[in-house]
Every structure is written in C-alpha cells, then in structure tokens.
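A.B. asks: I have a structure I would like to understand better, so I am pasting it below and will then ask my questions one at a time.
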Amino acid sequence: MSSSPLNTKEDQRKILQDDDHMRDMERLELEVIGVTYPFATVGRVSGRIETAQPALWSVPNVAVRLEIAVPGEARPASRIYTIRSFDPATSTVEIDFVLHPDDSPAMQWLRSAQPGSRIPMTGPRPHFRPAPQAQKQVAIFADETAIPAVYAILKDWPEGTKGSIWIETPEPGAVAELPRPAGVTCQLLLRGENEAPGTTGRLVAVAQSEIATPQNWTVWAAGERQEMRALRSHFQREGLSRADLQVIGYWRRGTSSSELDEVRLNAYADLRARGLTMDDLSDAELPI
Numbered sequence: 625m626s627s628s629p630l631n632t633k634e635d636q637r638k639i640l641q642d643d644d645h646m647r648d649m650e651r652l653e654l655e656v657i658g659v660t661y662p663f664a665t666v667g668r669v670s671g672r673i674e675t676a677q678p679a680l681w682s683v684p685n686v687a688v689r690l691e692i693a694v695p696g697e698a699r700p701a702s703r704i705y706t707i708r709s710f711d712p713a714t715s716t717v718e719i720d721f722v723l724h725p726d727d728s729p730a731m732q733w734l735r736s737a738q739p740g741s742r743i744p745m746t747g748p749r750p751h752f753r754p755a756p757q758a759q760k761q762v763a764i765f766a767d768e769t770a771i772p773a774v775y776a777i778l779k780d781w782p783e784g785t786k787g788s789i790w791i792e793t794p795e796p797g798a799v800a801e802l803p804r805p806a807g808v809t810c811q812l813l814l815r816g817e818n819e820a821p822g823t824t825g826r827l828v829a830v831a832q833s834e835i836a837t838p839q840n841w842t843v844w845a846a847g848e849r850q851e852m853r854a855l856r857s858h859f860q861r862e863g864l865s866r867a868d869l870q871v872i873g874y875w876r877r878g879t880s881s882s883e884l885d886e887v888r889l890n891a892y893a894d895l896r897a898r899g900l901t902m903d904d905l906s907d908a909e910l911p912i
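One gets our numbering by counting positions in the sequence shown from 1 and adding 624 to each.
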C-alpha cells in the first residue's frame with residue numbers, strides 16, 4: 625500500500641520548502657556583528673544579511689526561523705525570533721533573545737556567538753500587527769517574549785492613533801527603551817523574582833479592568849499560550865470582532881519550542897492535504 629504524500633515527518637517537512645510556505649521569504653545567512661546584554665534577561669544579537677528584498681525586511685514585526693546546529697544531531701533545531709529592527713542602509717538586523725538558565729540549542733548558540741559567526745535563517749515572515757480603525761484605540765498586551773515585536777510596531781506607529789500598552793516582564797529597562805509615539809501610554813506590569821512567567825494572570829486581569837468598552841478598541845496581544853487563550857476568550861465574550869482581535873501564543877509553559885513546532889507542522893500539513901494554504905492556518909485553533 626502506497627503512503628500518502630504527507631505520510632511521514634520527512635514528507636511534512638518538505639512542504640516547508642513549497643512556494644506556499646516560502647512566499648516572499650528567502651534563505652540566507654546572518655553574520656554576527658556583535659552580541660550585547662542590555663539587560664540581565666536579554667541577549668541582543670546584531671548581524672548583517674545579504675538580502676535581495678530589503679523592502680520586505682523593513683515591514684514592522686517580521687519573524688525569522690534560525691537553524692541552529694545541535695551537536696550529535698543530523699537535523700538542526702529551528703527557532704522563531706522576531707526582528708527587532710532592520711536598517712536597510714547597512715542590511716543589519718537586531719534580534720533579542722530572552723535568556724533562560726538552560727542548555728537549549730538557542731542558549732548554547734548565543735553563548736558561543738561572536739563577530740563573524742554565521743547562522744542560516746529563513747525569512748522574513750510578516751506577523752500580526754495592530755489594525756487601527758477610525759474612532760478606535762489600540763490596546764496591546766504582551767510579555768517579555770513579545771517586547772521586540774512591540775518595539776518594531778511602535779517604531780512604525782500610525783500618526784494620530786491612540787493606544788495603551790501593558791507589558792509584563794521582570795525587567796523594567798526593557799519597557800523603558802521602547803519608542804513612545806504621541807498618544808500612546810505604556811504601563812509596566814512588573815513580575816517578581818519568585819513569580820514564574822506565564823502564571824500571574826496579570827495581562828488578563830488588566831484587560832478585564834482597564835478596557836471598559838471593548839467595542840471602542842482594537843486588540844493585539846502576544847505571550848504565553850494559555851494566558852493568550854484566556855485573554856482571547858475574554859474579548860470574544862465581550863463581543864469583539866475577529867478583525868479587532870489579534871492574539872497569538874508565542875510559547876507555552878512546560879512545552880518546548882520543538883514540540884510547538886511539531887504541532888504547527890502537523891496542522892499545516894493537514895491544511896495542505898485538504899487543499900488549503902498558509903493563510904488558513906489559525907494560531908487560535910492549534911491543539912495545544
């Protein structure tokens with residue numbers, strides 16, 4: 625009996641090279657220029673890329689997939705990161721890594737990275753951005769993993785748009801360095817040393833207490849998947865339309881990035897088998 629086209633993991637991974645998945649993206653290398661640690665919880669890599677599509681990299685809140693070599697493994701570990709900034713004049717990018725006290729592939733690579741180091745990557749993948757609408761304010765809810773996305777969004781903030789931002793992080797300085805467009809307020813929700821990320825519920829609580837009339841807002845949020853699911857459910861109960869509610873789970877407590885990638889790959893392979901495309905992949909519907 626012959627297997628279906630997407631019957632194996634290897635077959636599924638091959639579809640990541642298809643035109644549908646690679647649309648407007650390119651495979652290239654990042655050459656490290658420098659690594660700094662602006663905060664105790666953040667490692668910042670600056671690097672140079674040789675891109676044929678600088679306009680695509682200039683769009684705010686785009687992501688890349690880094691291919692990180694793992695000793696003893698035939699296949700590299702892939703990790704998704706947001707481009708904090710891109711300078712088209714020099715083709716340089718900045719990527720922030722939230723630091724973890726472990727030996728994950730990303731942390732091992734970061735500790736070894738130095739000027740001249742190279743790493744393969746694929747991108748840029750445009751991610752959700754707030755969708756300002758007439759007579760509506762923008763509300764942003766984020767944890768520290770989404771601060772690079774918030775930074776990129778604020779750098780390209782539409783003039784005249786009002787907004788309120790709430791960020792939960794253990795690092796006050798990470799919020800202090802964000803751009804501050806006119807009409808935008810930013811509130812730090814400081815997480816204590818003994819509080820685990822993704823467990824406090826502060827983002828959901830502030831959404832419930834501070835957004836009294838949700839119909840007057842358009843919402844963008846990113847962070848831990850369970851917290852984002854609770855936040856999404858709150859605004860759905862309040863009657864926000866899908867167009868006004870952009871929520872994505874960047875990570876899930878107790879689940880590795882590799883496990884999340886497998887879930888996303890399975891979901892995408894299922895869509896392709898049914899004749900659908902990347903545009904039909906919904907973060908909210910992933911079974912995790």
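The beta carbon of each residue, even a glycine, is placed where N, CA and C say it ideally should be.
Remember, it's a predicted structure, so these values are computed and weren't measured experimentally.
1) Using only CA atoms, which one of 882, 900, 891 lies nearest to residue 699?
2) Opposite residue 667 in the DSSP bridges: which residues?
3) Go ahead and label residue 628 buried or exposed: buried means 16 or more other beta carbons lie within 10 angstroms of its beta carbon, across all protein chains shown.
4) Based on Cα-Cα distance, which residue from 781, 805, 706, 662 lies nearest to residue 748?
5) Any chance you could list the beta strand (DSSP E) runs of at least 3 consecutive residues sitting entirely within the segment 649–708, in chain order?
6) Please report the straight-line C-alpha distance between residue 806 and residue 784, rounded to a whole angstrom.
7) One question on the structure: do residue 660 and residue 722 come within less than 8 Å of each other, judged by their Cβ atoms?
8) Tell me the DSSP secondary structure of residue 742 in three-state form.
9) Helix, strand or coil: how does DSSP classify residue 729 here?
10) Considering only their Cβ atoms, is the gap separating residue 873 from residue 767 smaller than 8 Å?
11) Rounded to the nearest angstrom, what separates residue 900 and residue 818 at their Cα positions?
12) What does the alpha-carbon distance come out to for the pair residue 880 and residue 640?
13) Which residue comes first and which comes last in the alpha helix (DSSP H) that contains residue 886?
14) Quick check on residue 625: does DSSP put it in helix, strand or coil?
15) Is the Cβ-Cβ distance between residue 719 and residue 669 less than 8 Å?
16) Could you have a look at residue 794 and say whether DSSP puts it in helix, strand or coil?
17) Give me the DSSP bridge partner(s) of residue 749.
18) Got a sec? Which residues, its chain only, sit under 8 Å from residue 905 by beta carbon, not counting five neighbours each side?
19) Would you kindly report the start and end of the unbroken alpha helix (DSSP H) that includes residue 776?
20) Taking the straight line between their C-alpha atoms, what separation do you get for residue 626 and residue 897?
21) For residue 709, which residues of its own chain have a beta-carbon under 6 Å away from its beta-carbon, when the five flanking residues on both sides are left out?
22) Looking only at C-alpha atoms, which of 867, 684, 870 sits nearest to residue 773?
C.D. replies: In this structure, then:
1) One-based indexing of the sequence shown puts residue 699 at position 75. It is 882.
2) The count along the sequence shown starts at 1 and reaches residue 667 at position 43. According to DSSP, which records beta bridges pairwise, residue 667 is partnered with 721.
3) As a first step, residue 628 is located in the sequence shown; it is residue number 4 there, counting from the start. With a pLDDT of only 45 at residue 628, under 50, the local geometry of the prediction cannot be trusted, and no value is derived from it.
4) For the purposes of this step, residue 748 is identified with residue 124 of the sequence shown, where counting begins at 1. Of the candidates 781, 805, 706, 662, the one whose C-alpha sits nearest the C-alpha of residue 748 is 706.
5) 650–663, 666–672, 686–692
6) Here residue 806 refers to the residue found at position 182 when the sequence shown is read from its first residue. Here residue 784 refers to the residue found at position 160 when the sequence shown is read from its first residue. Roughly 8 Å between the two C-alpha positions.
7) As a first step, residue 660 must be located in the sequence shown, where it is residue number 36. As a first step, residue 722 must be located in the sequence shown, where it is residue number 98. It is not a contact, given that the beta carbons lie outside the stated cut-off.
8) What you label residue 742 is simply residue 118 of the sequence shown in a count that begins at 1. Note: residue 742 maps to strand in three-state DSSP.
9) The sequence position of residue 729 within the sequence shown is 105, counting from 1. If DSSP states are grouped into helix, strand and coil, residue 729 belongs with the helices.
10) Here the question's residue 767 lines up with position 143 in the sequence shown. Here the question's residue 873 lines up with position 249 in the sequence shown. No, the Cβ-Cβ distance between residue 767 and residue 873 is not below 8 Å.
11) Indexing the sequence shown from 1 puts residue 900 at position 276. Indexing the sequence shown from 1 puts residue 818 at position 194. When rounded, the distance between both Cα atoms is 45 Å.
12) Residue numbering aside, residue 880 sits at position 256 when the sequence shown is read from its first letter. Residue numbering aside, residue 640 sits at position 16 when the sequence shown is read from its first letter. Answer to the nearest angstrom: the Cα atoms are 20 Å apart.
13) Position 262 of the sequence shown, counted from the first residue, corresponds to residue 886. It spans 881–897 - the alpha helix (DSSP H) in which residue 886 sits, taken as one unbroken run.
14) Translated into the one-based positions of the sequence shown, residue 625 becomes position 1. Reliability fails at residue 625, whose pLDDT of 32 lies under 50, so the model's placement of it is uncertain and the value that follows must be treated cautiously. Of the three classes helix, strand and coil, the one that applies to residue 625 here is coil, per DSSP.
15) If you number the sequence shown from 1, residue 719 lands on position 95. If you number the sequence shown from 1, residue 669 lands on position 45. Against a cut-off of 8 Å, the Cβ pair of residue 669 and residue 719 comes out as a contact.
16) The residue labelled residue 794 in the question sits at position 170 within the sequence shown. In the structure shown, residue 794 sits in coil (DSSP, three-state: anything other than H, G, I, E or B).
17) For the purposes of this step, residue 749 is identified with residue 125 of the sequence shown, where counting begins at 1. Its beta-bridge partners are 687.
18) For the purposes of this step, residue 905 is identified with residue 281 of the sequence shown, where counting begins at 1. 888, 891, 892, 895.
19) Mapped onto the sequence shown, residue 776 falls at position 152. Per DSSP, residue 776 belongs to the alpha helix (DSSP H) from 771–779.
20) Here residue 626 is taken as the residue at index 2 of the sequence shown, counted from 1. Here residue 897 is taken as the residue at index 273 of the sequence shown, counted from 1. Residue placement at residue 626 is poorly supported in this model, since its pLDDT is 33, which falls under 50; the coordinates still yield a value, given next. So the alpha carbons of these two residues sit roughly 16 Å apart.
21) As a first step, residue 709 is located in the sequence shown; it is residue number 85 there, counting from the start. For residue 709, where only same-chain residues beyond five positions count, the Cβ hits under 6 Å are 718.
22) Position 149 of the sequence shown holds residue 773. Selected option, being the one with the closest Cα: 684.
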